[in-house]
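Down below is the structure, laid out as structure tokens.
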Amino acid sequence: MITYEKSGAVARVVLNRPAARNALDGDMLDAIAQHITVADRDREVRSIVLTGEGPVFCAGGDLRAIFTGATPDSVRRFLNDRIRPALRSIMQSDKPVIAALNGPVAGAGVSLALACDFIIGADNAEFIPAFGKIGAMPDSAAIYLLVQYLGVAAARDIIFRSRQLKAQEALQKGLYSHVVPQQELHAQAMELAESLAQEPTLAIALAKRALRDAPRQPFDAFMDAESLAMAFLHTTQDLAEGFDAFKSKRTPVFRGC
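My numbering puts the sequence shown at residues 3 to 259.
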């Protein structure tokens with residue numbers, strides 16, 4: 003249900019359940035967490051692309067698998083034991099993660115996409131936070147992530163009204179980083195991933211953590227963490243290479259060490 007492949011310094015994690023519109027069940031979520039973690043720990047991998055097989059990126063949670071015979075406790079456990087590790091694997095990965103939306107994204111799939119560092123949408127990649135249609139509030143950290151992207155007021159408008167956004171509107175709101183013709187999605191996602199793979203990935207990893215932590219940290223705590231991160235970077239070959247390239251007026255070659 004998940005395909006994992008490497009192309010040079012880029013790992014691709016592919017939701018591969020097209021007959022079910024890549025709907026997420028427990029096994030699929032476990033596999034996402036596993037493969038993202040494998041890519042994160044692989045020193046050869048310097049960026050990750052998360053995408054889907056078929057015409058839909060992800061239709062959200064597999065409601066039959068999740069809710070058939072469900073109890074309040076089983077719903078709570080599913081969110082904490084299956085959804086949370088999948089999202090955490092993406093958000094805490096030291097590698098930049100790109101969501102390449104090959105088609106519409108709905109429900110919990112919205113959270114998978116928003117957990118990534120960049121979202122490239124095909125021009126038919128509609129954004130569908132459909133929880134209200136089944137009488138539910140957004141789960142899978144969708145509210146948390148939408149507030150991070152948009153702020154409370156704009157997130158409220160989408161959540162309360164179960165608003166669907168066309169790809170261009172999602173781009174205008176800042177949810178998508180880029181929108182491209184569907185036939186160019188793979189090439190554009192790989193181009194971005196390969197470009198990020200040439201960057202100083204240790205510095206990106208630390209910057210990613212700082213971006214994640216900044217909203218919840220007091221100023222002095224943030225500065226403490228920042229000063230330690232910068233002190234560490236001054237021990238790395240990448241920073242030495244960057245300084246040398248700057249002095250020599252050449253393009254640096256970073257190796258993530």
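Built from N, CA and C at the ideal position, the CB exists for glycine as well. Predicted model, so just to flag it, every value in this text is computed and none were measured.
Around the beta-carbon of tyrosine 178, 16 or more other beta-carbon atoms lie within 10 Å, marking it buried.
The segment 74-121 contains, as complete alpha helix (DSSP H) runs of 4+ residues, the segments 74-80, 86-93, 110-117 (chain order).
Assigned with DSSP and collapsed to three states, tyrosine 146 falls in helix.
A distance below 8 Å separates the beta carbons of valine 51 and arginine 14. Bounds of the beta strand (DSSP E) holding arginine 14 are 12-17.
By the CB criterion at 8 Å, alanine 67 and aspartate 32 fall outside the cutoff. Distance from the Cα of threonine 237 is smallest, within the candidate group Gly62, Ala205, Val107, for Ala205. For glycine 54, the enclosing beta strand (DSSP E) begins and ends at 49-54.
In the three-state scheme derived from DSSP, where H, G and I count as helix and E and B as strand, glycine 134 is classed as helix. The three-state reading of DSSP puts glycine 258 in coil, since its state is none of H, G, I, E or B. A residue is called buried once 16 or more other Cβ atoms fall within 10 Å of its Cβ, and threonine 53 is buried on that count.
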